[in-house]
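I have placed the structure first, in the form of structure tokens, so that the comments after it can refer back to it.
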Amino acid sequence: MGQLRPVRSEERTATVLSMPDEESLPVLDEAGVRDQLLAFARDLNRIYHKERARAEELEHTLHELEESYFATVKTLAFVVEARDAHTRSHLSRAHDYAVALAQRVKPELADDRVFRYGFLLHDIGKVGIPDHILRKPSPLTREEWEVMQTHPILGGQMLGPIRFLQRAIPIVECHHERWDGKGYPRGLKGEEIPLAARIFSVVDTFDAMTSDRPYRRALSVDEAVHEILAAGGTQLDPAIAEAFAALCRERSGAWPIAHGTTDVD
59 MGQLRPVRSE
69 ERTATVLSMP
79 DEESLPVLDE
89 AGVRDQLLAF
99 ARDLNRIYHK
109 ERARAEELEH
119 TLHELEESYF
129 ATVKTLAFVV
139 EARDAHTRSH
149 LSRAHDYAVA
159 LAQRVKPELA
169 DDRVFRYGFL
179 LHDIGKVGIP
189 DHILRKPSPL
199 TREEWEVMQT
209 HPILGGQMLG
219 PIRFLQRAIP
229 IVECHHERWD
239 GKGYPRGLKG
249 EEIPLAARIF
259 SVVDTFDAMT
269 SDRPYRRALS
279 VDEAVHEILA
289 AGGTQLDPAI
299 AEAFAALCRE
309 RSGAWPIAHG
319 TTDVD
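Converting from the sequence shown to the working numbering requires adding 58 to each position, the first position being numbered 1.
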């Protein structure tokens, strides 16, 4: 009777049946066969637990690496926000709005932390926009606006090498696209625009409307919701605009608004 033995290498574990010469084959009774099988089972169990511990250690290391990557990119995102006094705290507010809206529209998006990273990192490309454009207190010229419109593509290029953030890139690149196809940078239309980007476009617009700018006052939540609904079918996905309006009515007074009131009817 041969012996079953698991053989482990760095790449994989295989099971080998070791057979002696025919003349030296032992004659095993039922108890001997059972002992052989029990010994084999013990060896497999030991290797299984060792491999499982190794896999858990590797998973932990990968998680720490992901967190390190994200912390670095997140720091850059807040550096961008700090450069522009007019959008202070926009990242956190827009992220919270987007997660709440995604929970209503498609819950699995809200539960996927990569999409949540995309919500937070949506303006990371502004790292590449010059200060004299990014911090300009008055409306941009046509030439300056063309430079500003490059930030979604710059953001996608920045996240491109980071493997675990690939699903976040469509949010970064497409949150300024419009439902009617008149947005930027690619002029995508309707459902050509990724769902997560359509969700974020609504909340990004809402936060901009409810924030003061040097050239206009902030709208109240009620006014902003009215404008969001009006933009459904042109700038924004109408179904998502409706979902956000309903969410605002439910959460009246509970949003972390930059400025303005929370009088949603």
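All C-beta atoms, glycine included, are put in the ideal place defined by N, C-alpha and C.
Run through DSSP, which three-state label would residue i get?
{"i": "residue 167", "result": "helix"}
{"i": "residue 294", "result": "strand"}
{"i": "residue 193", "result": "coil"}
{"i": "residue 236", "result": "coil"}
{"i": "residue 274", "result": "strand"}
{"i": "residue 207", "result": "coil"}
{"i": "residue 176", "result": "helix"}
{"i": "residue 225", "result": "helix"}
{"i": "residue 3", "result": "Nothing about residue 3 can be reported from this structure: the residues present for the chain run from 59 to 323 only."}
{"i": "residue 119", "result": "helix"}
{"i": "residue 186", "result": "helix"}
{"i": "residue 245", "result": "coil"}
{"i": "residue 105", "result": "helix"}
{"i": "residue 309", "result": "coil"}
{"i": "residue 147", "result": "coil"}
{"i": "residue 134", "result": "helix"}
{"i": "residue 269", "result": "coil"}
{"i": "residue 218", "result": "coil"}
{"i": "residue 253", "result": "helix"}
{"i": "residue 199", "result": "coil"}
{"i": "residue 321", "result": "Since pLDDT at residue 321 reaches only 38, below the 50 mark, its modelled position is unreliable, and the value read off the structure follows with that caveat. DSSP places residue 321 in coil when its eight states are reduced to three."}
Does the beta-carbon of residue i have 16 or more other beta-carbons within 10 angstroms, so that it is buried, or is it exposed?
{"i": "residue 106", "result": "exposed"}
{"i": "residue 136", "result": "exposed"}
{"i": "residue 210", "result": "buried"}
{"i": "residue 231", "result": "buried"}
{"i": "residue 184", "result": "buried"}
{"i": "residue 295", "result": "buried"}
{"i": "residue 97", "result": "exposed"}
{"i": "residue 196", "result": "exposed"}
{"i": "residue 269", "result": "buried"}
{"i": "residue 116", "result": "exposed"}
{"i": "residue 151", "result": "buried"}
{"i": "residue 118", "result": "exposed"}
{"i": "residue 259", "result": "buried"}
{"i": "residue 121", "result": "exposed"}
{"i": "residue 288", "result": "exposed"}
{"i": "residue 99", "result": "exposed"}
{"i": "residue 176", "result": "buried"}
Since residue i and residue j are thought to touch, with beta carbons under 8 angstroms apart, how far apart are those beta carbons, to the nearest angstrom?
{"i": "residue 233", "j": "residue 255", "result": "5 angstroms"}
{"i": "residue 173", "j": "residue 225", "result": "6 angstroms"}
{"i": "residue 156", "j": "residue 261", "result": "5 angstroms"}
{"i": "residue 227", "j": "residue 217", "result": "5 angstroms"}
{"i": "residue 159", "j": "residue 305", "result": "6 angstroms"}
Task: Cβ pair count under 8 angstroms reaching 3, the stretch 186-194 against the stretch 204-224 - done: yes
TODO: Decide if the stretch 174-181 is in contact with the stretch 275-285; the criterion is three or more beta carbon pairs, one per stretch, under 8 angstroms apart.
DONE: no
Open item on the list: Quick check: the stretch 157-171 against the stretch 246-255, are at least 3 beta-carbon pairs closer than 8 angstroms?
Closed with: yes
Task: Three-pair Cβ contact test at 8 angstroms for the stretch 236-243 versus the stretch 284-302 - done: yes
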